[in-house]
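Okay, structure first, notes after.
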Amino acid sequence: MTTVDIVIVALYGIGLFGLAQWVSRDSGHAKTTEDYFLAGRTLPWWAIGASLIAANISAEQIIGQSGQGFVVGLAIAAYEWQAAIVLLIVAKYFLPIFLKREIYTMPQFLQTRYGTGVKSLMSFYWIVLYTAVNLTAVLWLGGLAIESVTGVSVMTAMTSLAAFAVLYSLYGGLKAVALTDIIQVVILILGGFAITWLALDAVSSGDGAIAGLARLSEEVPGHFEMILDDSHPNYSDLPGIWTLLGGLWVLHFSYWGFNQYIIQRALGAESLAEAQKGLAFAAFLKLLIPVIVVVPGIAALVLAQDGVLAAEVLNDKSDRTYGELMTLAPAGLRGLVFAALIAAIVSSLASMMNSIATIFTMDIYRQYSDTRHSESHYVMVGRIVAFVAMLMALVLARPFLGGMESAFQTIQEYTGFIAPGVVTIFLLGFFYQRANEASAYAVLVGSVAASLALKVLMPDMPFVLRIWLVFLANIVLGVVVARLTREPEAGQPVLLSDIHFGTTQGFNVSAIAIGLILVLIYAAFW
Numbered sequence: 027m028t029t030v031d032i033v034i035v036a037l038y039g040i041g042l043f044g045l046a047q048w049v050s051r052d053s054g055h056a057k058t059t060e061d062y063f064l065a066g067r068t069l070p071w072w073a074i075g076a077s078l079i080a081a082n083i084s085a086e087q088i089i090g091q092s093g094q095g096f097v098v099g100l101a102i103a104a105y106e107w108q109a110a111i112v113l114l115i116v117a118k119y120f121l122p123i124f125l126k127r128e129i130y131t132m133p134q135f136l137q138t139r140y141g142t143g144v145k146s147l148m149s150f151y152w153i154v155l156y157t158a159v160n161l162t163a164v165l166w167l168g169g170l171a172i173e174s175v176t177g178v179s180v181m182t183a184m185t186s187l188a189a190f191a192v193l194y195s196l197y198g199g200l201k202a203v204a205l206t207d208i209i210q211v212v213i214l215i216l217g218g219f220a221i222t223w224l225a226l227d228a229v230s231s232g233d234g235a236i237a238g239l240a241r242l243s244e245e246v247p248g249h250f251e252m253i254l255d256d257s258h259p260n261y262s263d264l265p266g267i268w269t270l271l272g273g274l275w276v277l278h279f280s281y282w283g284f285n286q287y288i289i290q291r292a293l294g295a296e297s298l299a300e301a302q303k304g305l306a307f308a309a310f311l312k313l314l315i316p317v318i319v320v321v322p323g324i325a326a327l328v329l330a331q332d333g334v335l336a337a338e339v340l341n342d343k344s345d346r347t348y349g350e351l352m353t354l355a356p357a358g359l360r361g362l363v364f365a366a367l368i369a370a371i372v373s374s375l376a377s378m379m380n381s382i383a384t385i386f387t388m389d390i391y392r393q394y395s396d397t398r399h400s401e402s403h404y405v406m407v408g409r410i411v412a413f414v415a416m417l418m419a420l421v422l423a424r425p426f427l428g429g430m431e432s433a434f435q436t437i438q439e440y441t442g443f444i445a446p447g448v449v450t451i452f453l454l455g456f457f458y459q460r461a462n463e464a465s466a467y468a469v470l471v472g473s474v475a476a477s478l479a480l481k482v483l484m485p486d487m488p489f490v491l492r493i494w495l496v497f498l499a500n501i502v503l504g505v506v507v508a509r510l511t512r513e514p515e516a517g518q519p520v521l522l523s524d525i526h527f528g529t530t531q532g533f534n535v536s537a538i539a540i541g542l543i544l545v546l547i548y549a550a551f552w
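Quick note on this note's numbering: the sequence shown kicks off at 27 and runs consecutively.
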C-alpha cells in the first residue's frame with residue numbers, strides 16, 4: 027500500500043462516517059424504534075436495492091466465491107444468478123404479506139402466525155446464527171484479505187473492521203446503513219470491475235481483458251461450465267442439475283425471503299411498490315456479481331499456473347485468492363479496490379449488527395421485560411446489543427473458521443441444517459391455513475434431525491440434494507402434524523384474499539428481462 031492508496035482509503039472512511047452522521051441526524055425528535063430499526067419506513071427503492079446488495083456482498087461472497095471460482099469455476103455463480111429469480115418471487119408474493127402485517131422482524135410474523143413459543147425459539151436461533159456464523163465469517167474472511175494486501179495480522183484487521191462498522195452505524199441505525207450503502211455499492215462495483223479487468227489483462231499479458239477471457243476459455247474450459255458432471259471433484263458441493271432443481275433454491279428462499287438482515291430493508295420501505303422495485307433493482311445487480319467476483323477467481327488459477335501470483339499461497343487456502351489478486355492493482359487504483367473491499371465488509375457487518383439488535387430488542391427484551399420502557403430506552407438497548415454481538419464475533423472468529431479450507435461452502439452446508447425448516451414454516455404459514463404451532467415445532471425439529479441423520483448415514487450425499495430431500499419431507503411432516511392436531515386460533519392464518527399481489531408494469535417488465543438474461547446465460551454455459 028502506497029501513500030496514495032492510504033490517502034484514498036482514509037478519504038473513503040472519513041467520507042462514509044460523515045455521510046452516516048448526516049443522514050442519521052435527528053429531525054426535531056428523539057429516535058423511535060421505527061426510526062432506528064426500520065429507518066422510519068421511509069426508504070425509497072434505490073436505497074433498498076443498493077442496501078440489499080451491500081448487505082449481501084460481503085467478505086463471504088467476494089473472498090469466498092472468488093476462491094470457489096479458482097477451485098470450481100463459473101458453476102459457483104449459481105448462488106448469485108438463481109438469487110435474482112428468488113428476489114423477484116419474494117417481491118411479488120412474500121412482501122405483500124409482510125408489509126400488510128406491519129412487522130419489524132421475521133419472528134414477529136411467526137408470533138402472529140404460530141404463537142409466542144415459535145417466535146422466541148426462532149429469535150434465539152437467528153441471534154446465534156448471525157453472531158456466531160455470519161458476523162464471524164465476514165470478519166475472518168475480511169481479515170484474511172486485508173492481511174494479504176497490507177501485511178497486518180488477521181486479528182488487527184478484524185478489530186479495525188469491527189471498530190469502523192460500529193463507529194459509522196451504531197448511532198444512526200438502519201437509515202445510516204441503508205443510505206450510505208448507496209455509496210458502498212458504487213465503490214464495490216467500480217472496484218470489482220477494476221479487479222476483473224486487471225486480472226484478465228494480466229492473463230493476456232497486457233493484450234486486454236477480452237483477450238484474457240478468450241485465453242481462460244481455452245486453457246480452463248471446465249471452469250466455464252454451469253452444470254458439473256458427477257466425475258467432477260467438486261460435484262458434492264455443486265451436484266450438477268440438482269443445483270438448478272434442488273436444495274439451492276431452499277437456501278436462497280431462506281436467505282432472501284426470511285432472513286432478517288436482508289428483508290429488513292424492504293420492511294423499511296415507504297410503500298409496497300417501492301419495496302418491490304427495490305428488490306427488482308437488487309435482482310438486476312445480482313446478475314453482475316459473478317463478473318466481479320467469480321471471473322477474477324478463474325483468472326487467478328491461470329495466473330498462479332503462470333507464476334504471476336503466489337501459487338503456494340493459493341494452493342494452501344482458496345480463501346486467499348482475492349487478496350492476492352488485489353496486488354495486481356497499481357498505486358492509487360489499489361486504494362480504490364481496497365476501499366471497495368472494506369465497503370463490502372463493513373456494510374454487511376453493520377447490517378447484521380442492526381438486525382441482531384432489532385430481533386433482541388423487539389422480540390426478546392421488550393417481550394420479557396417486566397416493565398414498559400420509553401422508545402429511547404429500546405434504542406439504547408439495541409445499540410448495546412449490537413456492540414456486544416460484534417465483540418463476541420471478534421472472539422469467536424479464529425476458533426470457528428481458522429482451520430477451514432473454504433468458509434463459504436462450509437457456511438452454506440451447515441446453514442442448510444435448519445434452512446429447510448425455516449422455509450417450510452413460512453411457506454406453510456403463508457399458503458396452508460391449517461398450519462399451526464405444533465406443525466411448526468415438528469418441522470423445525472425434524473429439519474435438524476433429518477439433516478444430521480443424512481449427514482451421518484449418507485456422508486457422500488451432496489448437501490444441496492440433502493437440503494432438498496429434507497425440505498420435501500418437512501412439507502409432508504408439517505401437513506400431517508397440522509391435520510392431526512387442533513386448528514390454529516382465529517386470526518392466525520394468512521387470509522390471501524385480503525392481500526394484493528399485483529405489481530406495476532415496470533416491475534413486470536424488469537422481471538421478464540431478468541428471466542430472459544438468465545435463460546441466455548445458462549444456455550451459453552450449460
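Where is the CB? At the ideal position from N, CA and C, for every residue including glycine. The structure displayed is predicted, hence computed values, not measured ones.
Q: Please confirm whether Pro322 and Gly95 have their CB atoms less than 8 Å apart.
A: yes
Q: Would you mind sorting Gln531 into buried or exposed? The rule is 16 or more other CB atoms within 10 Å of its CB.
A: exposed
(Q) Three Cβ pairs or more, each shorter than 8 Å: is that satisfied between the stretch 413-422 and the stretch 252-268? (A) no
Q: In angstroms with no decimal places, state the Cα-to-Cα distance between Ala369 and Leu503.
A: 43 Å
Q | DSSP state of Leu335 mapped onto helix, strand, coil | A | coil
Q) Does the Cβ-Cβ distance between Glu401 and Thr59 come in under 8 Å? A) yes
Q. Which residue comes first and which comes last in the alpha helix (DSSP H) that contains Ala202?
A. Leu200 to Val229
Q. Hey, how far is the Cα of Leu135 from the Cα of Phe124?
A. Residue 135 is actually Phe in this sequence, not Leu. For Phe135 and Phe124, the distance between alpha carbons rounds to 7 Å.
Q) By DSSP, does Ala461 sit in helix, in strand, or in coil? A) coil
Q | Continuous alpha helix (DSSP H) assignments of at least 4 residues falling wholly in the stretch 81-139 | A | 85-97, 104-115 and 121-126
Q: Measuring alpha carbon to alpha carbon, tell me which of Gly333, Ile318, Ser280 and Arg424 ends up nearest Tyr348.
A: Ile318
Q: Spell out a yes or no on whether the stretch 101-109 and the stretch 506-513 are touching, meaning 3 or more CB-CB pairs, one atom from each, closer than 8 Å.
A: no
Q: Out of Ala228, Phe43, Phe279 and Val212, state which residue places its alpha-carbon closest to the alpha-carbon of Phe452.
A: Phe279
Q) Can we say the stretch 280-290 touches the stretch 374-391, given the rule of at least three CB pairs closer than 8 Å? A) yes
Q: Whole angstroms is fine: what's the gap from Lys201's alpha carbon to Leu147's?
A: 28 Å
Q: Just grab the DSSP bridge partners of Leu329 for me.
A: The partner list for Leu329 (beta bridge, DSSP) is empty, contrary to what the question assumes.
Q | C-alpha gap between Pro316 and Ala235, whole angstroms | A | 16 Å
**Q.** Residue span of the alpha helix (DSSP H) that contains Ser148, given as start and end
**A.** The amino acid occupying residue 148 in the given sequence is Met; Ser does not appear at that position. Where Met148 is concerned, the enclosing alpha helix (DSSP H) stretches over Thr142 to Leu155.
Q: State yes or no: is the C-beta of Pro26 within less than 8 Å of the C-beta of Val490?
A: What the structure shows of the chain is the stretch from 27 to 552, and residue 26 is not part of that stretch, so it cannot be assessed.
Q | Nonlocal neighbours in the same chain, by C-beta distance under 6 Å from Leu69, ignoring five residues either side | A | Ala204, Gly294 and Ala295
Q) Nearest-angstrom Cα distance between Ser84 and Ser477? A) 27 Å
Q. Roughly how many whole angstroms lie between the Cα atoms of Phe63 and Val159?
A. 22 Å
Q.
Here's the rule I'm using: 16 or more other beta-carbon atoms within 10 Å means buried, otherwise exposed. How should Trp552 be labelled?
A. exposed
Q.
Between the alpha carbons of Ile79 and Ala73, how many angstroms are there, rounded?
A. 10 Å
Q.
What ranges does the alpha helix (DSSP H) occupy inside the stretch 249-290, keeping only unbroken runs of at least 4 residues that lie completely in it?
A. 268-271 and 274-284
Q: Measure the C-alpha to C-alpha separation of Trp71 and Asn534 and round it to an integer number of angstroms.
A: 15 Å
(Q) Considering just the uninterrupted stretch of the alpha helix (DSSP H) at Leu375, what are its terminal residues? (A) Leu359 to Ile385
Q. CA-CA distance, Ile538 and Leu114?
A. 10 Å
Q: Hey, could you find the ends of the alpha helix (DSSP H) Thr162 is sitting in?
A: Thr162 to Thr176
**Q.** Phe43 and Tyr194 closer than 8 Å at C-beta
**A.** yes
Q) Ends of the alpha helix (DSSP H) at Leu187? A) Val180 to Ser195
Q: Identify the continuous alpha helix (DSSP H) that holds Ser297 and give its terminal residues.
A: Per DSSP, Ser297 belongs to no alpha helix (DSSP H) and is neither H nor E.
Q) Are Ala479 and Asp31 closer than 8 Å when you measure CB to CB? A) no
Q) Between which two residues does the alpha helix (DSSP H) containing Thr58 stretch? A) That residue, Thr58, is in no alpha helix (DSSP H); it is neither H nor E in DSSP.
Q. Secondary structure at Leu69, three-state DSSP: helix, strand or coil?
A. strand
Q. Thinking C-alpha only, which one of Thr131, Arg460, Ala46 and Tyr548 is nearest Ser149?
A. Thr131
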